[in-house]
Ligand SMILES: [Ca+2]
Ligand SMILES: [Ca+2]
Ligand SMILES: [Ca+2]
């Protein structure tokens with residue numbers, strides 16, 4: 023048999039084209055799938071960084087709840103629900119650092135019915151004219167105030183830090199007389215004498231902090247509070263509502279706040295089906311309808327320590 027040595031036959035060409043096509047289509051499919059995955063991953067990574075910011079802000083607010091707050095005021099007000107999302111309000115004197123709240127000092131000499139108080143002068147975060155001061159003891163009992171600073175004179179106090187030289191101080195003039203013991207804490211509070219408040223609410227898939235959106239799309243927001251009821255240092259009870267506890271008990275027993283955010287991590291995707299028809303966060307179970315199951319979701323669950331409730 024004589025083979026045609028001049029080239030390939032039409033059949034061979036067609037087979038080659040067919041094989042090449044199969045390989046190309048396969049490669050294209052892999053490429054497109056990877057493109058789609060990397061796009062989804064990019065979206066998730068972007069959502070994660072936004073979530074991280076939100077998470078850190080909320081942890082900070084929980085940490086500062088009760089800061090510089092007299093012990094007869096509640097530092098946390100729970101807005102609990104088991105049929106809808108939760109809300110929560112934190113109260114303290116240091117949430118908004120830019121306005122100077124959170125500044126504090128201590129009294130260096132006892133003052134009695136006096137308009138002038140000698141306080142420690144720091145290198146930064148100093149007391150300013152116009153600041154409103156409250157005076158608390160180390161148990162956060164309110165001793166006196168609020169009183170407004172009308173004048174400051176730099177001076178020196180005793181050598182409390184023991185370095186051999188008198189410590190920097192201010193003679194602070196106040197608009198009303200106060201009686202405070204040496205060692206009392208002085209906190210700057212917002213004008214009007216009411217503490218600062220931070221409220222988290224969920225409104226139409228937008229989690230808001232004092233009405234300002236900071237995380238979306240969020241489908242649910244639920245909180246739990248870890249209490250050490252026998253005061254042995256370990257959390258032994260988780261509850262979704264702390265409003266029935268008086269503030270004294272809460273200060274002693276509340277050790278952890280757990281917050282849960284149910285986040286949508288992608289757009290509506292007909293190719294994707296969420297594997298469950300219900301989602302449970304703390305005391306709430308949400309039904310996910312057939313439309314809702316085409317969204318990807320992630321649950322952010324974070325523990326935060328309310329350090330200033332002690
Ligand atoms: Ca709840
Ligand atoms: Ca000194
Ligand atoms: Ca315990």
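In my numbering, the protein residues as written are 23 to 332.
For glycine and all other residues, C-beta sits at the position ideal for the given N, C-alpha and C.
Residue nearest to residue 155 in terms of C-alpha spacing, selected from 183, 44, 123, 180: Here residue 155 is taken as the residue at index 133 of the chain shown, counted from 1. Comparing Cα positions, the closest option is 123.
Residues near residue 250 by beta carbon distance below 7 Å, same chain, minus five either side: To locate residue 250, count along the chain shown from 1; it is residue 228. Here the set comprises 256, 257, 258, 275, 277.
For residue 167, the first and last residue of its enclosing beta strand (DSSP E): What you label residue 167 is simply residue 145 of the chain shown in a count that begins at 1. Run containing residue 167: 164-178, per the beta strand (DSSP E) assignment.
Residue 241: CB within 8 Å of a non-hydrogen atom of ligand 3: On the chain shown, residue 241 is found 219 positions in, with the first residue counted as 1. No - ligand 3 has no heavy atom lying nearer than 8 Å to the Cβ of residue 241.
As assigned by DSSP and simplified to three states, the class of residue 248: Against the chain shown, residue 248 aligns to sequence position 226. Looking at residue 248 - three-state DSSP - the assignment turns out to be strand.
Inter-residue Cα distance where the pair is residue 31 and residue 49: Reading the chain shown from its first residue, position 9 is the one you call residue 31. Reading the chain shown from its first residue, position 27 is the one you call residue 49. Cα-Cα distance, rounded: 27 Å.
Cβ-based neighbour list, residue 91, same chain, cut-off 8 Å, excluding 5 preceding and 5 following: Position 69 of the chain shown, counted from the start, is the residue given in the question as residue 91. Excluding residues within five positions, the ones whose Cβ falls inside 8 Å are 97, 113, 114, 115, 162, 217, 330.
Neighbourhood of residue 230 by C-beta, 6 Å cutoff - its chain only, sequence neighbours within 5 removed: As a working mapping, residue 230 is identified with position 208 in the chain shown. 223, listed in sequence order.
Limits of the beta strand (DSSP E) - the one that residue 134 falls within: Position 112 of the chain shown, counted from the start, is the residue given in the question as residue 134. Run containing residue 134: 133-142, per the beta strand (DSSP E) assignment.
For residue 310, the nearest candidate out of 82, 186, 297 (CA to CA): Residue mapping note: residue 310 aligns to position 288 of the chain shown, counting from 1. Nearest of 82, 186, 297 to residue 310, Cα basis: 297.
Test item: CB-CB of residue 245 and residue 147 under 9 Å: Along the chain shown, read from residue 1 onward, the residue named residue 245 stands at position 223. Along the chain shown, read from residue 1 onward, the residue named residue 147 stands at position 125. In this structure, residue 147 does not lie closer than 9 Å to residue 245 by Cβ.
Ranges of the alpha helix (DSSP H) found wholly within the segment 46-128, counting only runs of at least 4: none
Uninterrupted beta strand (DSSP E) stretches inside the segment 227-311 (no shorter than 3 residues): 228-231, 234-237, 240-249, 259-261, 276-286, 300-303, 306-309
Contact check, residue 201 vs residue 133, beta carbons under 9 Å: Here the question's residue 201 lines up with position 179 in the chain shown. Here the question's residue 133 lines up with position 111 in the chain shown. Contact: yes.
7 Å CB neighbourhood of residue 213 in its chain, flanking five on each side removed: Looking up residue 213 in the chain shown gives position 191. So the list reads 154, once near-sequence residues are dropped.
DSSP-derived helix/strand/coil call for residue 210: For the purposes of this step, residue 210 is identified with residue 188 of the chain shown, where counting begins at 1. If DSSP states are grouped into helix, strand and coil, residue 210 belongs with the strands.
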